[in-house]
Amino acid sequence: RKEVEQDPGPFNVPEGATVAFNCTYSNSASQSFFWYRQDCRKEPKLLMSVYSSGNEDGRFTAQLNRASQYISLLIRDSKLSDSATYLCVVNPGNQFYFGTGTSLTVIP
Amino acid sequence: ETGVTQTPRHLVMGMTNKKSLKCEQHLGHNAMYWYKQSAKKPLELMFVYSLEERVENNSVPSRFSPECPNSSHLFLHLHTLQPEDSALYLCASSQVLAGGLGTAQETQYFGPGTRLLVL
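So the protein sequences, as listed, match chains X and S. Residue 14 is where the first sequence starts when you use my numbering, and the numbers rise one by one after that. Residue 11 is where the second sequence starts when you use my numbering, and the numbers rise one by one after that.
Quick look at the structure:
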């Protein structure tokens, strides 16, 4: 079983739409969770950490469900500039495990 | 952003060549990483240098050889590579807690990567 699994998409949504990504992880002892964003032919960049109580940063909301072992990312009012691949990252304490990423294209 | 720099950005090499990738971090971190990113696959951790530890993914072939002379610099020496080694090689750094790699770590920051093509 993979450490981290994501729906690869692609998700094609119109501007202004709300879109949600889910990610499941296999190690129940995982301690740290992150969403990274990767633009085409660029390096991954931290979008936001995911805290147990859930957290919000502008149009982005991250949630953690430890019982079901998944994390989610909600993007409201999508912008063209949100088009990218979103990587789910989980750290059970010894190393970072990356998902394959979910591709998002926001359409005018 | 110049927190983590990598050179060269692009590299084309033959299977008999020897080359080295360089990474430098300016963030004061104490851990550095090499990752391989191939198309349609998740980032694959190759090597970690942290505090006094070196951790390596046992599936990485010996034709990849890391070197970490200090906490700010990391090299990946390449020799007799295969075409399937063509990928984006990413360096990252982070701040590891005093307990070492077994404890939860802070965020990783990535360099721009070296896009490698092996002919």
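C-beta atoms are modelled at their ideal positions from N, C-alpha and C, and glycine is treated no differently.
- Secondary structure at X:Asp70: strand, using DSSP grouped into helix, strand and coil.
- When secondary structure is reduced to three states using DSSP, X:Glu16 falls in the coil class, being assigned neither helix nor strand.
- From the beta-carbon of X:Glu56, the residues of chain S found nearer than 8 Å are Leu100, Phe120, Gly121, Pro122 and Gly123.
- Leaving aside the five residues that flank X:Thr115 on each side, the residues in its chain whose CB is nearer than 7 Å to its CB run, in chain order, Gln19, Asp20, Pro21, Gly22, Phe24, Phe34, Thr98 and Tyr99.
- Judged by DSSP secondary structure, X:Ser62 falls within the beta strand (DSSP E) whose first and last residues are Pro57 to Ser62.
- X:Gly112 belongs to the set of residues whose beta carbon lies under 8 Å from a beta carbon in chain S.
- Within the same chain, Cβ atoms closer than 7 Å to the Cβ of X:Thr113 are found at Gln19 and Pro21, the five residues on either side in sequence being excluded.
- With 16 or more other CB atoms across the displayed protein chains lying within 10 angstroms of its CB, S:Lys46 is buried.
- Near chain X, meaning a CB-to-CB distance below 9 Å, the residues of the stretch 26-53 of chain S are Tyr43, Tyr45, Gln47, Lys50, Lys51, Pro52 and Leu53.
- Here S:Thr124 is not near X:Leu59, since their CB atoms are 8 Å or more apart.
- Residue contact check for S:Val22 against chain X: no CB pair falls below 8 Å.
- Nearest CB-CB separation between X:Gln82 and chain S: not below the 8 Å threshold.
- Annotation: S:Leu61 has no Cβ neighbours in chain X at a cutoff of 9 Å; minimum Cβ distance is about 14 Å.
- Annotation: Cβ neighbours of S:Leu55 in chain X (cutoff 9 Å, chain order): Gln108, Phe109, Tyr110 and Phe111.
- Residue-level contact check: S:Val58 touches chain X, since one or more beta carbons of chain X fall below 8 Å from its beta carbon.
- For X:Ser43 and X:Gly106, the gap between their C-alpha atoms comes out near 7 Å.
- Distance check between X:Tyr49 and each of X:Ile120, X:Val119 and X:Val103 places X:Val103 closest, using alpha-carbon atoms only.
- Judged by their CB atoms, S:Gln35 and S:Met42 are nearer to each other than the 8 Å cut-off.
- Judged by DSSP in its simplified three-state form, S:Glu94 adopts helix.
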